[in-house]
Structures are given as structure tokens and as C-alpha cells.
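Participant:
Protein chains: 2
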Amino acid sequence: MQRALDINRTRFADWYQAVVRDADMAETSPVRGAMVIKPWGYGVWEQIQQELDRRIKATGHENCYFPMFIPLSFIAKEAQHVEGFAKEMAIVTHHRLKTIDGKLQPDPDARLEEPLVVRPTSETIIGDAFSRWVRSYRDLPLLINQWANVVRWEMRPRLFLRTTEFLWQEGHTAHATAEEAVAETMKMLEVYRSFSEDYLAMPVIAGEKPENERFPGAEATYSIEAMMQDGKALQAGTSHFLGTHFAEAQGIKFQDDAGTITFCNTTSWGVSTRLIGGVIMTHGDDDGLRLPPAIAPKQIVIVPMLRDKPEDADVLAYCESLAAALSSIHVLGAPVRVLLDTKKIKSAEKRWNWVRRGAPIIVEIGPRDAAGGNVTFMRRDSLRDGDKVKSIACTRAEFLEEKAAQILAEIQHSLYAEAKVRLDANIKTGVTDWAGVEDYFKGSDDEFKGWLKVSWSKPSGAELEKVDTKLKALKLTIRNAPLQQPDSFAPCLFTGAPGVQEILIGRAY
Amino acid sequence: MQRALDINRTRFADWYQAVVRDADMAETSPVRGAMVIKPWGYGVWEQIQQELDRRIKATGHENCYFPMFIPLSFIAKEAQHVEGFAKEMAIVTHHRLKTIDGKLQPDPDARLEEPLVVRPTSETIIGDAFSRWVRSYRDLPLLINQWANVVRWEMRPRLFLRTTEFLWQEGHTAHATAEEAVAETMKMLEVYRSFSEDYLAMPVIAGEKPENERFPGAEATYSIEAMMQDGKALQAGTSHFLGTHFAEAQGIKFQDDAGTITFCNTTSWGVSTRLIGGVIMTHGDDDGLRLPPAIAPKQIVIVPMLRDKPEDADVLAYCESLAAALSSIHVLGAPVRVLLDTKKIKSAEKRWNWVRRGAPIIVEIGPRDAAGGNVTFMRRDSLRDGDKVKSIACTRAEFLEEKAAQILAEIQHSLYAEAKVRLDANIKTGVTDWAGVEDYFKGSDDEFKGWLKVSWSKPSGAELEKVDTKLKALKLTIRNAPLQQPDSFAPCLFTGAPGVQEILIGRAY
Chain A
20 MQRALDINRT RFADWYQAVV RDADMAETSP VRGAMVIKPW GYGVWEQIQQ
70 ELDRRIKATG HENCYFPMFI PLSFIAKEAQ HVEGFAKEMA IVTHHRLKTI
120 DGKLQPDPDA RLEEPLVVRP TSETIIGDAF SRWVRSYRDL PLLINQWANV
170 VRWEMRPRLF LRTTEFLWQE GHTAHATAEE AVAETMKMLE VYRSFSEDYL
220 AMPVIAGEKP ENERFPGAEA TYSIEAMMQD GKALQAGTSH FLGTHFAEAQ
270 GIKFQDDAGT ITFCNTTSWG VSTRLIGGVI MTHGDDDGLR LPPAIAPKQI
320 VIVPMLRDKP EDADVLAYCE SLAAALSSIH VLGAPVRVLL DTKKIKSAEK
370 RWNWVRRGAP IIVEIGPRDA AGGNVTFMRR DSLRDGDKVK SIACTRAEFL
420 EEKAAQILAE IQHSLYAEAK VRLDANIKTG VTDWAGVEDY FKGSDDEFKG
470 WLKVSWSKPS GAELEKVDTK LKALKLTIRN APLQQPDSFA PCLFTGAPGV
520 QEILIGRAY
Chain B
20 MQRALDINRT RFADWYQAVV RDADMAETSP VRGAMVIKPW GYGVWEQIQQ
70 ELDRRIKATG HENCYFPMFI PLSFIAKEAQ HVEGFAKEMA IVTHHRLKTI
120 DGKLQPDPDA RLEEPLVVRP TSETIIGDAF SRWVRSYRDL PLLINQWANV
170 VRWEMRPRLF LRTTEFLWQE GHTAHATAEE AVAETMKMLE VYRSFSEDYL
220 AMPVIAGEKP ENERFPGAEA TYSIEAMMQD GKALQAGTSH FLGTHFAEAQ
270 GIKFQDDAGT ITFCNTTSWG VSTRLIGGVI MTHGDDDGLR LPPAIAPKQI
320 VIVPMLRDKP EDADVLAYCE SLAAALSSIH VLGAPVRVLL DTKKIKSAEK
370 RWNWVRRGAP IIVEIGPRDA AGGNVTFMRR DSLRDGDKVK SIACTRAEFL
420 EEKAAQILAE IQHSLYAEAK VRLDANIKTG VTDWAGVEDY FKGSDDEFKG
470 WLKVSWSKPS GAELEKVDTK LKALKLTIRN APLQQPDSFA PCLFTGAPGV
520 QEILIGRAY
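So the sequence lines, in the order shown, correspond to chains A and B. Oh and the first sequence: position 58 is 77 in my numbering, straight run, nothing missing. Oh and the second sequence: position 44 is 63 in my numbering, straight run, nothing missing.
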């Protein structure tokens, strides 16, 4: 059976596009830069939402909903914030259409006095509510989360990775002290790290962004960075300590128990549908997508081999009973999600649809399986033996009592392990000068490059800009300074000054 | 204890606003017409979403996500649709801000070639996707749902009932035949009816809207109508049979098994955060909100009576153990949702916060309860005996093994029964002439009026317009023609012609 895609021989960007299409995850829309998320892709998002929402609530946060339109004056209030976002926002200027000269157009009489910005993020509008909600230290900490759509105009959109409109969650919290706000920032970074590794089977490195990569208006920005199969980094989630910047701009103040009125320290943190792009680029292979069972909308898909013959009824009945029995098994903390695919297309076509979509276990039941009480299946994590597709057979009882749960857990683990080996093997250390950097990243753009972990003196301001310019010339950026740091450091690769921190350098999405 | 509100002596609109505020459900925002949904209000929406999503999926639909921006040309394609919506849409005209003369404003160089409309509903953009997704009869039926925010510019906004931005679900389906599409329309109407009655404890009348109240572009529109405590009707959900109108405008065609290419028949159906307004106006009382246990974010709230004394620790420990034990009980198909309120405010204040928010059971535990192994609680559905608050006491064992589950189920039922009596008692029949209509609806706007059920000849076009004008003069509308119809009819109240249908007439939100 020929492979649909070849991850090594195709340009990675083309491979990605083909997987998104073949796995039926999403498609471009007539609105430039905005995507349509199809049922299988949205199903993955629902799994992500459900589990992440549980973890966000377990850490004491409550969900709210704030307006998606933000008055222009709110955005203008926070100078650094404007600077960072002003270039890419959708702006609503009218509230009515009218037919003029036979053509439907914005009604000039319905021009808004103050234009509204479609939220690129909600610090300003949520901060405005916080300024009303917080009065006393008893109201703190205020721990809020929102699931929403946001818009950042994209000139070079890519499905899931960079779209004008995307879905995300954004946490926003207010605290009495900077220490508490920093602790919150780190706690949510850890929620993202563990969620990404446990659920998406996507190993990441958590760390602090350099000053020049901070969120507009933040005191400190932390990220989790994942390595894609082309070696590039994907920033998969961020957590920001905002200090009192937004609180001062928006008047988020509280009276402490001594009666003093002080500004709050705030945080914000978010992950988005970009995670789905990360899952695809982490786990996809030559045959399409492979989904970790924890986030697969369907973990086991049963394909009945029907031939328009009388024995079809037996096959279907056997499949239905198998599906029902599987649904009552628990794996990874929830009932197994099973689908019996009864669509009226050929069973070989169905099989390949589910291979491309990455269903973790694909069961194929023919008349002989039904008659003999057997189950024939494929594992999507190790689909082939050489070029041949590997089919595994066992009894129905064995599949139900042992194999199904065990293999789903194994697949979750094996996908993580595979990605973890790749990440660990491709962070090069020991490069101490710029020539070494140039050497590591030389060659064509399509060639696999990993990341470098180098020592630096953590320059700031103009000195940092020089470093940034140097890196950008090689299309490189500093990804983050990992939380885990050694005890001593080599001299700074850029300045030769004593090193104070290790940072990761790489190409990125 | 004085009641916070008096539903009979206050203007109903003021009472509603006070309940929304005191129950901490939502508040107005700096964006005209858009609301902030606060944690308790959003918690109700989450319960609604979770259960309705389950029912929508159980009837075979899959969730997707489509762009919220719709090209103006898409809206212009469907003439009737434009007519219906053109007056109230938010229009994006620019994609960048720029500081000009020291003032942040839309960048004139970033004007969009084609303006984008923020979706008021998604028939056009989803129809465009359907035209790509449907090729053959094998692709049908196509059954899609979306949870999203939509915008319809509102000049007279009211929290939950009528807001510029609101949250909803919109189902969109395509079928091979009109019969199948009509069956789908009716199936989803029934999902809404049963959900509203079983879950929201809100009795409704399901029926067909008259021609002049149809969704723009629909062949037939069905609704569920609920009666609020001021007698007004709330349209709580709609289901539309769209025929081939949208399919023709957007090219949604399929090849049948004989090879003929035909237009699909489509449907759409939706409910929104407006349901929350309906719940408030159905179940609220003089003390604030009363929530049906099925949708209460917390069904049992435990308030520890702490006095800054050594025995506080025992009270807290007793409450924690009680909360844990309650969480393992199942009621209405899910584990009981319990909250132990440890906020640092006075316990009397806490009690009234939860009364106003409508938590179904409020437990108060003092040192004597803890020492004696007892539970003292209030039922929110029958809070008072005359003017006094009714406290009920029983042993911990009794509460856990019997009372908690039994009373939650009783409250769900009693709230429904109370509203059902009100609905049934206030639909007046037997009025056969216009004078009778005038008589029934005479008097001040603030007075309670129910609905009339009258017979009519189902006039159409100009004749229907005359009826509509006559009704509007009394601020009345036809709510719907109930699905349940008698075998014979009185003559038409409006035309004197033979009656063919009974319709409901009333004032509405």
C-alpha cells in the first residue's frame, strides 16, 4: 500500500497542508486568513477545551464572558499595548448596511462615534470590569478565564498556526502582591506544560522569554516551546506577569486591611487552536495524522467489511455489540470513545480515511471475524511493518478485557516518547561562538535544524537589539530561557561577558 | 427578614434588572448593548451548553466552527435575508490602526476592499462551505452545529434578552428532500421543547410562526414560546425549514443515485443566552433568582457559621466532610455540585448572597450542628413561611442518604409545576371578536396580561399585514400556531371567514 505523503521528501509546509486537508481538520474560507474548522478538527478542540477547562477550574478559576468589541479609547490607554497590537486589528466603524445606488454598503448615517476594535486579546476590556469588581483585599485574588474567539489580522495565514480569527482561552487574574501574581503566572505555565505533555503527548520546554519577546505591557512573559518535526519551534502557550501596568492604566485598585489603597498586580495567560497545529506537526507521519488517544474525538473506529451480501447483517450486529461493549471501558479517565462507521462508501476507503485522520485504533470486522468471535485491528502509532500495513488479530474477549485499554494507553505513551527523543536529541549544547551558530544553521531552509542551547549575559535594551538583529539575519529567535538552569555558565556567546543564563535559539513558527 | 424585591409592587422591568444584578449574573459594559456575563451567569450558560450539546450530538449532529466575518457580497446574495438583517449589523471596514496627528484611528491605507459583516447568523457563510462539502446523496444528510457569538445591533438593549453581542448555538443541515428537512426542523423543535421543560423547568408552547414572523428567507419558522411572570411571551428558541432558498443562492447541490443534480433542502435552528433571561423571568421571586437544580452551577451551597472562635475549626472540618460526601451523590444524572463558601465575609451576608443567586439548597452549619451531627438548610423554592425564612433540620445521615437528592429533584419539579400552572391558567380561550381582544388587553402596560388563543383563517400577504397592524396598535403579536390543534374551529376572529387554525396572541419580549 503506497503512503499518501512522505514527510522527508516533501517540503514540510506542503506536507503539513496535505495532512490538514487529508485528515479533514480544517480548510481555508472565503474570508482571507480565517479558517473553517471541520468536525474532526473541532472534535480535537473540544477534547482540549474539556480537559484544560477542568484543570483551569481545579486551580480556582471561574469562567466569564466579556464583549468582543473594545472601544478604541481602551486600547489607546495602554501605550505599550497599542504599540504591540496596533498593526493588526479588525475595526468596526458602522452598525448598519444600506442599499445605495443599488449596492449594499455601510450606511454613512450609521457611522460609530467611536470605532470598535475586535479583541486581539482582552486585557483592556477585562481590566475595566476588574476596576469595578475589586474594592477590598477580600475580593482578591480575582481568578477569571474566558473561552473566546479573537482576531489578529494576518498577512501570511496558515491553518491553525496563524489565522486572522482563532479560538482560545485567556486567563486574567488580579492579586494583592507581585509575589502572588508571579506565583500565579508560574502555576499556569505549569498547567500548560503538564497539559501539553500529558494530554497532547507534546513535550515542551518551559521558560522565560527575553525582554524583546515579551507580551506588550508585560513585566515578564513565560512560554512553553515545542519542537516540530522540521526542527522549528512552536510557541504553544504563554503566561504573563503584568505587574501593575494594566492596573494603573485601568484603575484596578484595592484597599488592604490597613486601609491603604494600592494597585493590583495582574496576570494573563492563554493557549489557542494553534495547539492543534502543534499536534499535527508533532505526531503526523507519511500516512497523515496520528492523534494521541487523550484528544482523539474517536479513539477506536470500527469499519464493518460489508459486501451487499446476506452475512452483512451478522457483521453489523457483531460490530454494534462490540461498539457497545467498548463504550463501557474506561481509558485515561473517561469512557472509550468509539465510532461504528456505517457511511455508505467502500470499506477500504473508510480504512484510509481513518488512517489519515489519525484514529488511534482502527478495527476491521469481516464475516470471518464475526463468525469466529475475533477482532482484527491496526494501531495508528505503528501502522506499518516496512511498507506493509500491520494487522493484529485477537479474540473479542481479549480485545475487550485487555488489548483495547492497554493499547490506547501505549499509544498515548509511545507518541510522547517518540517526540521526546526527537526534542532531546536535537538541542545542541557546547556552541560558544557565533561561527558555531552559523555553522549549525547553515544550508537550505527545508533541511532539519534543531535548537541551540547557549550561554549569554542577558543583555538589555540596545545591546539586546543588536543580538536580535544578528539572530534575525539567520531567521533565528531566542525561544526562551528554560526554567531549569545549570549552576555555572560559559561566557556569553554574543558579548563575551560572563554568562548568567542559558537560552534556546532556533527557527520558529 | 425583609424581602429584597417585590415582584408584584415593582415595575417588572425594574424587578428583572434588580434580580440580574443581585444574583450577580451579568452587567452592562462600556460597549453599548454588549454585556459582561459574570461567573454565576456564565455557570448557568455552561450547564445549558453541556446538556444541549449532548442532546444535539445524540441526534446525530457534529460541531464545527466557521469564520465570524462574512463578506458583504454573501449577505447581498440572499435578497430576503438582507431585508431581514440589513438594519442591524456590525461592519468591519479596516484592518489596522494608525496614530495620525497624535490620535489613534483606523488607518486609511488599511481599508478593506470588501467590508466584512460580523455574523448576525451564519446561513450564508456555512452555506458556502456546504456547497463545497456536498457532492452526492451519500454526503447527505449533512448535520452541523456551531457554538458561537453573534452580533445584531440593538438600540434598546436588555441584559440577556436583547444584547448587541450574544452567545448561541446554530444548527445548519442539508437534506436530499423537503420531507427530510421538515422532519429535521420538527425534531430540533422537539429537542428545544423537551430541553426547556425538563432542564430549564420552563414550560413552553411549540408551534409555527405566522408568515410575517418568519426568519428572513425561511419557508416555515417554528418556535417555542414561554410565558414570563408579567404574562409576556418570550420566544425561547426557533427552528427553520429553509426549503431550497439558501441552497439556490449558494449552490448547495447534490447528485442523486440516478445521476440527477438537485438543490438541497436546508434547515437552521438556534437558542441563545436569551434562555437565561427566560429562566430569571420564569423562576425569580421577591428574594431574587431561583435556579432549577439541573442548571444551577452549584446545587447545594454550604455556609459555615464562623465566629473567630476555636470551635470554627470543627465547623469547617464538618462542612468539608459534608461537601465531600455530597459530591459523591448523583442527582438528575450527574454528581451533585456542591460549594463550601469560605469567603471572608459574614455568614448572614453569604446566606443572602446565595438566596439572591438562587442556589437550590443553602445549608448553614453552626457549632451545634457540627457537634450534634445535624444539617440545617433552606429550600430556595419555598424559602419562607409567611415572612419568616423556613429552616429545616435533619441528621447528617438523613440529609446524605435521602433528603439532598430527594429535595433537589422536588425543587426541579416544583419550579416547573408552578410555571406550568401559570401558563395554563393564563391562556384565555373563547374570545371571538376584536372587542374581546381589546377588553382582555386593556389597562396599564404594567398590569399582568396572559395570552389569547383564538381561531383564524390564516390570511396571507396584504390581508395578514392588516391583521398585524391591528395587533401592533395594541402592542400585540401572534406568537405561534401551537402544534396541538383542535378538530374544528370557530370563525376567524379577524376576517369572519371559516377558521382553519388556532393561534396565540400576546405581548412579547
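Built from N, CA and C at the ideal position, the CB exists for glycine as well.
1. Might you give, ordered along the chain, the residues of its own chain that have their beta carbon closer than 8 Å to the beta carbon of B/Ile384, omitting 5 neighbours on each side?
2. According to DSSP, is B/His432 part of a helix, a strand, or is it coil?
3. If we define contact as Cβ-Cβ less than 9 Å, is B/Lys317 a contact residue for chain A?
4. Please list, in chain order, all residues of the same chain as A/Ala225 whose beta carbon is under 6 Å from its beta carbon, the five residues on each side excluded.
5. Is DSSP giving B/Tyr528 helix, strand or coil here?
6. List in chain order: all unbroken alpha helix (DSSP H) runs of 4+ residues lying wholly within the stretch 100-188 of chain A.
7. Please decide whether B/His349 counts as near chain A, where near means a Cβ-Cβ distance under 9 Å.
8. Any contact of the stretch 46-63 of chain A with the stretch 75-89 of chain B, i.e. 3+ C-beta pairs under 8 Å?
9. Give the C-beta separation of A/Glu184 and A/Ala53 to the nearest angstrom, bearing in mind that I take them to be a contact with Cβ-Cβ under 8 Å.
10. Between the stretch 285-297 of chain B and the stretch 252-267 of chain B, do at least 3 Cβ pairs fall closer than 8 Å?
11. Please classify A/His302: does DSSP put it in a helix, a strand, or coil?
12. Along the alpha helix (DSSP H) that carries A/Lys96, what are the first and last residues, could you check?
13. With DSSP collapsed to three states, give me the class of A/Lys407.
14. Please classify B/Gly480: is it buried, with 16 or more other beta-carbons within 10 angstroms of its beta-carbon, or exposed?
15. Whose C-beta lies closer than 8 Å to the C-beta of A/Leu123 among residues of the same chain, with five residues either side of it excluded?
16. Between the stretch 36-59 of chain B and chain A, which residues of the former have CB atoms less than 7 Å from a CB of the latter, in chain order?
17. Along the chain, where does the alpha helix (DSSP H) containing B/Glu420 start, and where does it finish?
18. For a contact meaning CB atoms closer than 7 Å, what does A/Lys106 contact in chain B?
19. Mind reading off the beta-carbon distance from B/Trp172 to A/His114? Whole number of angstroms is fine, and I expect it under 8 Å.
20. For B/Glu81, which of helix, strand or coil comes out of DSSP?
21. So B/Leu208 is in the alpha helix (DSSP H); what residue range does that whole segment cover?
22. Strictly under 9 Å for the Cβ-Cβ distance: is B/Pro90 near chain A by that measure?
23. Can you tell me which of B/Ile280, B/Ala245, B/Met397, B/Gly270 puts its alpha carbon nearest to the alpha carbon of B/Glu97?
24. Which value, in whole angstroms, describes the spacing of the CA atoms of B/Lys439 and B/Phe214?
25. Please give me, in chain order, every unbroken run of the beta strand (DSSP E) with length at least 3 that falls completely inside the stretch 462-505 of chain A.
26. Grab me the residues of B/Pro139's own chain with a C-beta within less than 8 Å of its C-beta, minus the 5 sequence neighbours each way, in chain order.
27. Let's test the definition: count the other Cβ atoms within 10 Å of the Cβ of B/Thr192 and tell me whether it reaches 16, buried, or not, exposed.
28. Taking only three categories from DSSP, how would you classify B/Ser340?
29. Jot down the residue ranges of each uninterrupted beta strand (DSSP E) in the stretch 365-403 of chain A, minimum 3 residues, whole runs only, in chain order.
30. Return the residue from the list B/Gln248, B/Pro386, B/Ile145 that minimises the CA-CA distance to B/Asp331.
31. I need the boundaries of the beta strand (DSSP E) containing A/Val223, first residue and last residue.
32. Name, please, each residue of chain B whose Cβ falls closer than 7 Å to the Cβ of A/Arg370.
33. Starting from A/Arg157, find everything on chain B with Cβ-Cβ shorter than 9 Å and list it in chain order.
34. Between which two residues does the beta strand (DSSP E) carrying B/Val290 extend?
35. My understanding is that A/Ile524 touches A/Leu483, with C-beta atoms under 8 Å, so please give their C-beta distance in whole angstroms.
36. Could you tell me which chain A residues have their CB closer than 8 Å to the CB of B/Asp184, listed as they occur along the chain?
Facilitator: Working from what's here:
1. Position 365 of the second sequence, counted from the start, is the residue given in the question as residue 384 of chain B. Cβ neighbours of B/Ile384 beyond the five flanking positions: Ile321, Val322, Pro323, Met324, Val334, Tyr337, Cys338, Leu341, Val394, Thr395.
2. In the second sequence, the residue the question calls residue 432 of chain B occupies position 413. Helix, per DSSP.
3. Numbered from its first residue, the second sequence carries residue 317 of chain B at position 298. Judged by the 9 Å Cβ criterion, B/Lys317 is not in contact with chain A.
4. Position 206 of the first sequence holds residue 225 of chain A. Hits under 6 Å: Leu208, Arg212, Ile243, Leu502.
5. Position 509 of the second sequence, counted from the start, is the residue given in the question as residue 528 of chain B. Looking at B/Tyr528 - three-state DSSP - the assignment turns out to be coil, as it is neither helix nor strand.
6. 142-152
7. Here residue 349 of chain B refers to the residue found at position 330 when the second sequence is read from its first residue. Not an interface residue.
8. yes
9. Locating residue 184 of chain A in the first sequence gives position 165, where the first residue counts as 1. Locating residue 53 of chain A in the first sequence gives position 34, where the first residue counts as 1. 5 Å between Cβ atoms; contact.
10. yes
11. Working through the first sequence from its first residue, we reach residue 302 of chain A at position 283. Helix, per DSSP.
12. As a working note, residue 96 of chain A is residue 77 in the first sequence. Element bounds for A/Lys96: 91-96.
13. As a working mapping, residue 407 of chain A is identified with position 388 in the first sequence. If DSSP states are grouped into helix, strand and coil, A/Lys407 belongs with the strands.
14. Here residue 480 of chain B refers to the residue found at position 461 when the second sequence is read from its first residue. By the 10 Å Cβ count, B/Gly480 comes out exposed.
15. Counted from its first residue, the first sequence places residue 123 of chain A at position 104. So the list reads Leu116, Lys117, once near-sequence residues are dropped.
16. Ser48, Pro49, Val50, Ala53, Val55, Ile56, Lys57, Pro58
17. By one-based count along the second sequence, residue 420 of chain B stands at place 401. Per DSSP, B/Glu420 belongs to no alpha helix (DSSP H) and is neither H nor E.
18. Taking the first residue of the first sequence as position 1, residue 106 of chain A is located at position 87. In chain order: Arg115.
19. On the second sequence, position 153 is the one that residue 172 of chain B refers to. On the first sequence, position 95 is the one that residue 114 of chain A refers to. Confirmed, about 4 Å.
20. As a position in the second sequence, residue 81 of chain B is number 62, starting the count at 1. Three-state result, B/Glu81: strand.
21. Working through the second sequence from its first residue, we reach residue 208 of chain B at position 189. Here the alpha helix (DSSP H) through B/Leu208 covers 197-217.
22. The residue given as residue 90 of chain B occupies position 71 in the second sequence. It does; some Cβ of chain A falls within 9 Å.
23. What you label residue 97 of chain B is simply residue 78 of the second sequence in a count that begins at 1. Considering only alpha carbons, the answer is B/Gly270.
24. Here residue 439 of chain B corresponds to residue number 420 of the second sequence, with the count starting at 1. Here residue 214 of chain B corresponds to residue number 195 of the second sequence, with the count starting at 1. Their backbone Cα atoms lie some 15 Å apart in a straight line.
25. 470-475
26. One-based indexing of the second sequence puts residue 139 of chain B at position 120. Here the set comprises Phe104, Glu107, Met108, Val169, Val170, Arg171.
27. Here residue 192 of chain B corresponds to residue number 173 of the second sequence, with the count starting at 1. Buried: at least 16 other Cβ atoms inside 10 Å.
28. Position 321 of the second sequence, counted from the first residue, corresponds to residue 340 of chain B. Reduced to three states, the DSSP call for B/Ser340 is helix.
29. 380-384, 393-398
30. As a working note, residue 331 of chain B is residue 312 in the second sequence. Cα-wise, what sits closest to B/Asp331 is B/Pro386.
31. Residue mapping note: residue 223 of chain A aligns to position 204 of the first sequence, counting from 1. Where A/Val223 is concerned, the enclosing beta strand (DSSP E) stretches over 223-227.
32. Sequence index remark: in the first sequence, residue 370 of chain A carries index 351 (1-based). None at all; the shortest Cβ gap to chain B is about 17 Å.
33. Translated into the one-based positions of the first sequence, residue 157 of chain A becomes position 138. Near A/Arg157 (Cβ distances below 9 Å), the residues of chain B are Lys362, Lys363, Ile364.
34. Position 271 of the second sequence, counting from 1, holds the residue named residue 290 of chain B. Taken as a continuous stretch (DSSP letters only), the beta strand (DSSP E) holding B/Val290 covers 284-291.
35. Taking the first sequence and counting its residues from 1, the one referred to as residue 524 of chain A is at position 505. Taking the first sequence and counting its residues from 1, the one referred to as residue 483 of chain A is at position 464. Rounded, the Cβ-Cβ distance is 14 Å, inconsistent with contact.
36. The sequence position of residue 184 of chain B within the second sequence is 165, counting from 1. Here the sequence assigns Glu to residue 184 of chain B, which means Asp is not the residue at that position. The answer, in chain order, is Pro86, Met87, Phe88.
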